[in-house]
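To start, the structure under review is shown below, and the notes come after it.
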Amino acid sequence: MDLFSSSFETEAKRQAPLAVRMRPRSLDEFRGQDDIIGVGTFLRRMIESDNLPSLIFFGPPGTGKTTLAHIIAGATGSHFEKLNAVTSGVADIRRTIEASKDRIRLYSKRTILFIDEIHRFNKSQQDALLPYVEDGTVILIGATTENPFFEVNAPLLSRTRIIRLTALHRRDIASVLHNAMADTERGLGGLALKASEEVLFAIADVSSGDARIALNLLEQAAALPAEGEFLTIEMVRAVAGDRMQRYDKKGDNHYDVVSAFIKSMRGSDPDAALHYLARMLSAGEDIKFIARRIVICAAEDVGNADPMALVIANSAAQAVQFLGLPEARIPLAQAVTYISCAPKSNTAYAAIDAALHDIGHMDCGLVPPHLRDSHYQGARQLSHGCGYMYPHDYPDGWVSQQYLPDPLLSKTYYHPAQRGEESRFSQYLAKIRRQG
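Using the numbering used here, read the sequence shown as starting at 3 and increasing by one per residue.
The following block contains the structure:
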């Protein structure tokens with residue numbers, strides 16, 4: 003590299019936004035996500051042992067998905083390639099794959115292929131990746147803000163491990179801001195900027211768990227105080243504008259509003275639920291995020307007491323996809339008021355968690371032979387499917403026979419509530435259990 007190029011690169015780094023300059027360079031500099039990369043966690047052990055599987059990082063913006071991918075590449079000594087799903091196609095994938103093959107053949111060096119916004123790849127683009135992820139030609143790290151179970155093909159999902167990142171806690175963001183103020187090499191240390199913990203927490207609250215937004219706000223606000231003056235909340239408010247007013251006016255933050263929203267629907271208070279819905283909409287919250295919370299509440303808190311709640315919530319979630327704002331507020335409000343006024347039951351939620359607990363904590367035994375698949379040659383020789391009684395051949399479409407594995411015969415996971423539609427389920431199950 004010649005002197006001119008070196009000087010240009012140095013100047014470009016110096017002029018980069020604070021959020022870029024302060025990007026963590028190692029796991030020790032990384033803040034937050036301790037349950038993912040803390041000492042002794044799965045991902046940390048895989049990084050330290052240089053035995054990394056393909057991964058998909060799933061989480062909101064500003065939580066460190068891209069940064070973590072860069073740190074992993076550096077810590078494992080792998081070559082790092084980055085593609086953006088918005089601007090890259092199948093041809094870019096193929097070029098990257100061929101280069102990775104050459105790297106393995108010539109230098110025995112692995113390639114980490116980081117794909118930002120992987121949910122924007124269509125099926126053919128995702129399928130083009132599949133064989134090379136499977137055979138280890140590349141270690142894939144995908145990043146997405148969308149639920150990968152909805153947006154990433156099942157075959158590709160089955161060959162990756164999903165790592166969920168969460169919005170940073172205010173104390174983690176305050177720590178990031180403090181480091182940026184003190185860092186004389188990459189940060190604002192040369193300004194001798196001063197700010198109280200209250201101000202740093204105010205910036206953290208208004209950033210809604212996004213470290214990038216917090217650092218951008220700090221960088222903009224840093225120009226306001228005179229030398230030796232403290233940065234004040236008023237200065238932060240001047241920079242943050244409406245964002246500050248919406249989240250900081252009464253001292254509540256994004257997660258408090260979301261929590262109150264869900265608890266109001268669960269508590270059958272449509273007026274409160276609408277208030278918090280309006281607060282999120284006016285704050286610019288992602289309407290798909292709101293819709294997902296409504297769908298979860300319909301299944302978790304209404305459940306089978308009124309099965310239509312999930313239908314309406316899911317319909318609202320689909321409607322907002324093609325309506326957009328401001329019209330999307332109407333189906334969201336319809337779903338919120340329906341769920342708020344519906345009878346409540348969390349029995350399905352409790353039942354699946356109880357079943358999952360047993361799967362993880364005991365030997366649940368084998369599938370009973372008469373329930374096993376018998377649609378292949380030789381199954382009958384193994385007694386698979388033998389003795390199965392087809393319920394529709396019997397009165398009322400039911401016949402007594404064993405379904406649970408032997409170790410679980412005494413288990414009852416689902417206990418229907420005596421509310422709404424679910425009371426009919428309770429009566430039906432009580433009837434057939436007496437007959438059985």
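Note that the Cβ used here is the ideal one computed from N, Cα and C, for glycine as well.
Expected contact under 8 angstroms - CB spacing of residue i and residue j to nearest Å
| i | j | result |
| --- | --- | --- |
| isoleucine 58 | threonine 162 | 5 angstroms |
| leucine 170 | threonine 65 | 6 angstroms |
| proline 409 | proline 370 | The pair is not a contact, with the Cβ atoms about 11 angstroms apart (cut-off 8 angstroms). |
| glutamate 119 | alanine 87 | 5 angstroms |
| proline 418 | serine 402 | No, proline 418 and serine 402 are not in contact; Cβ-Cβ is about 19 angstroms, not under 8 angstroms. |
| alanine 307 | proline 272 | Their Cβ separation, rounded to whole angstroms, is 16 angstroms, which puts alanine 307 and proline 272 out of contact at 8 angstroms. |
| proline 106 | glutamine 127 | Correcting the residue type first, residue 106 is isoleucine in the shown sequence and not proline. Contact flag wrong, Cβ pair sits at about 22 angstroms. |
| leucine 70 | leucine 115 | With 8 angstroms as the limit, leucine 70 and leucine 115 do not qualify as a contact, their Cβ atoms being about 15 angstroms apart. |
| isoleucine 38 | leucine 29 | Isoleucine 38 to leucine 29, Cβ: 11 angstroms. No contact. |
| isoleucine 205 | leucine 220 | 6 angstroms |
| serine 376 | glycine 362 | That belief does not hold up - the Cβ atoms of serine 376 and glycine 362 are roughly 30 angstroms apart, past 8 angstroms. |
| valine 241 | alanine 223 | 5 angstroms |
| glycine 91 | isoleucine 117 | About 12 angstroms; that fails the 8 angstroms criterion. |
| tyrosine 415 | alanine 353 | 4 angstroms |
Heavy atom of the ligand SAH within 7 angstroms of residue i beta-carbon
| i | result |
| --- | --- |
| serine 210 | This structure lacks the ligand SAH, and indeed carries no ligand of any kind. |
Backbone secondary structure at residue i - three-state DSSP
| i | result |
| --- | --- |
| leucine 190 | coil |
| aspartate 408 | helix |
| aspartate 118 | strand |
| lysine 111 | coil |
| glutamate 423 | coil |
| lysine 233 | For the record, residue 233 in the displayed sequence is leucine; it is not lysine. Correct three-state label for leucine 233: strand. |
| leucine 170 | coil |
| histidine 386 | coil |
| glutamate 287 | coil |
| arginine 435 | helix |
| glutamate 50 | helix |
| leucine 132 | helix |
| leucine 57 | strand |
| alanine 197 | strand |
| arginine 163 | strand |
Environment of residue i [buried if 16+ CB atoms lie within 10 Å]
| i | result |
| --- | --- |
| leucine 384 | exposed |
| leucine 20 | buried |
| leucine 358 | exposed |
| threonine 98 | buried |
| glutamine 17 | exposed |
| phenylalanine 123 | buried |
| glutamate 83 | buried |
| methionine 183 | buried |
| lysine 67 | buried |
| methionine 267 | buried |
| serine 80 | buried |
| histidine 121 | buried |
| leucine 334 | buried |
| phenylalanine 324 | exposed |
Residue of the options minimising C-alpha distance to residue i
| i | options | result |
| --- | --- | --- |
| lysine 196 | Gly79, Leu276 and Glu231 | Glu231 |
| glycine 367 | Leu411, Asp271, Gly79 and Ile39 | Leu411 |
| alanine 262 | Cys299, Leu233 and Glu236 | Cys299 |
| threonine 113 | Leu142, Ser402 and Gly91 | Leu142 |
| glutamate 302 | Ser56, Val41, Glu424 and Ala350 | Ala350 |
| glycine 76 | Asp104, Pro26 and Thr43 | Pro26 |
| leucine 279 | Phe116, Thr78, Ile264 and Ile205 | Ile264 |
| arginine 374 | Leu283, Asp365 and Met391 | Met391 |
| glycine 326 | Glu287, Leu219 and Asp258 | Glu287 |
| valine 154 | Ala130, Pro63 and Thr168 | Ala130 |
| serine 160 | Gly389, Gly91, Ala242 and Pro55 | Pro55 |
| glycine 389 | Gln404, Asp398, Tyr378 and Gly380 | Gln404 |
| phenylalanine 44 | Ile165, Val238 and Gly79 | Ile165 |
| valine 260 | Gly243, Tyr378 and Ser210 | Ser210 |
| threonine 186 | Ala274, Arg436, Met24 and Arg426 | Met24 |
| isoleucine 217 | Asp360, Tyr257 and Arg172 | In the sequence as presented, isoleucine is not what sits at residue 217; that position holds leucine. Out of Asp360, Tyr257 and Arg172, Arg172 has the C-alpha closest to the C-alpha of leucine 217. |
Residue-level contact to chain E via CB, residue i, 8 angstroms cutoff
| i | result |
| --- | --- |
| proline 150 | The structure shown contains no chain E, having only a single protein chain. |
Contact the segment 292–307 vs the segment 318–329: 3+ CB pairs below 8 angstroms | Because the criterion of three Cβ pairs below 8 angstroms is met, the segment 292–307 and the segment 318–329 touch.
If we count Cβ pairs, one from each stretch, closer than 8 angstroms, do we get three or more for the segment 178–198 versus the segment 148–156?
-> Counting Cβ pairs under 8 angstroms, fewer than three are found: no touch.
Between the segment 220–228 and the segment 30–39, do three or more beta carbon pairs fall short of 8 angstroms?
-> Remark: fewer than three beta-carbon pairs, one from each stretch, lie closer than 8 angstroms, so the segment 220–228 and the segment 30–39 are not flagged as touching.
Specify whether the segment 175–189 and the segment 37–56 touch according to this definition: at least 3 beta carbon pairs, one from each stretch, less than 8 angstroms apart.
-> No: the two stretches stay apart, fewer than three of their Cβ pairs being nearer than 8 angstroms.
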